[in-house]
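Peer 1: Residue numbers (the working numbering): 20 to 199.
Glycine is no exception: its CB is placed at the ideal position from the N, C-alpha and C atoms.
Remember, it's a predicted structure, so these values are computed and weren't measured experimentally.
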């Protein structure tokens, strides 16, 4: 990888000099886990498939995140190009719950599975014969577009809160942040 990847147990030391830190975790409705997530995040991305259970979990998580006033957005992932209607319906459902949904979508591609197996980023995905996956750059471009959208959201949020603390930094006590 072109960046260090460390287990969560090593994160404290590894993140000291980092400008951007990305953590990956399981969706959870545990209140303590949500508090810890919020305390350590400037922005939360909610990867969501077009399946109803995934949408339901994203809606539940967004309702909890709103209590703590942390910026978040949903990103549709594993989007099957043959099922555009499902992606459109998922986006509409999430937006109906006032959830920001990125315009970018991460497509369902075998290149992602190949990259995971090889321990590389999707732009370096190869098949079993060692040949470059022909759709790997489609996946990479989708991630680049999503990253650009997130960057734009940061800038927008910073403009709105120019004279306040940086994005996600809320120095009020956690108990006082919960909406009444």
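When you compare the CB positions of residue 164 and residue 120, do they come within less than 8 angstroms of one another, or not?
Peer 2: Contact: no.
Peer 1: Following the continuous beta strand (DSSP E) through residue 113, name the residue where it begins and the one where it ends.
Peer 2: Run containing residue 113: none in the beta strand (DSSP E); it sits in the alpha helix (DSSP H), 103–115.
Peer 1: If you follow the beta strand (DSSP E) that residue 97 is part of, which residue opens it and which one closes it?
Peer 2: Counting along the chain, the beta strand (DSSP E) containing residue 97 begins and ends at 91–98.
Peer 1: To the nearest angstrom, how far is the alpha carbon of residue 99 from that of residue 86?
Peer 2: Those two C-alpha atoms are separated by around 33 angstroms.
Peer 1: Could you pull the DSSP bridge partners for residue 270 from this structure?
Peer 2: In this structure the chain extends from 20 to 199, so residue 270 is not present and cannot be described.
Peer 1: When burial is assigned at 16 or more other CB atoms within 10 Å of the CB, is residue 29 buried or exposed?
Peer 2: So residue 29 counts as exposed.
Peer 1: Output the distance between the C-alpha atoms of residue 178 and residue 155, rounded to the nearest integer angstrom.
Peer 2: Looking at the two C-alpha atoms, the distance is approximately 35 angstroms.
Peer 1: Between the C-alpha atoms of residue 136 and residue 169, what's the straight-line distance to the nearest angstrom?
Peer 2: About 27 angstroms.
Peer 1: Could you give the first and the last residue of the continuous alpha helix (DSSP H) run that contains residue 36?
Peer 2: Unbroken run through residue 36: none, as it is neither H nor E.
Peer 1: CB residue 65 to CB residue 112, shorter than 8 angstroms?
Peer 2: Contact flag unset, no.
Peer 1: Let me check one thing: in DSSP terms, what residues is residue 145 bridge-paired to?
Peer 2: According to DSSP, which records beta bridges pairwise, residue 145 is partnered with 151.
Peer 1: Using CA atoms only, rank isn't needed, just tell me which of 76, 31 and 49 is closest to residue 118.
Peer 2: Of the candidates 76, 31 and 49, the one whose C-alpha sits nearest the C-alpha of residue 118 is 76.
Peer 1: Any idea what DSSP makes of residue 61, helix, strand or coil?
Peer 2: Reduced to three states, the DSSP call for residue 61 is coil.
Peer 1: Assuming residue 120 is part of the beta strand (DSSP E), what are its boundary residues?
Peer 2: Start and end: 120–126.
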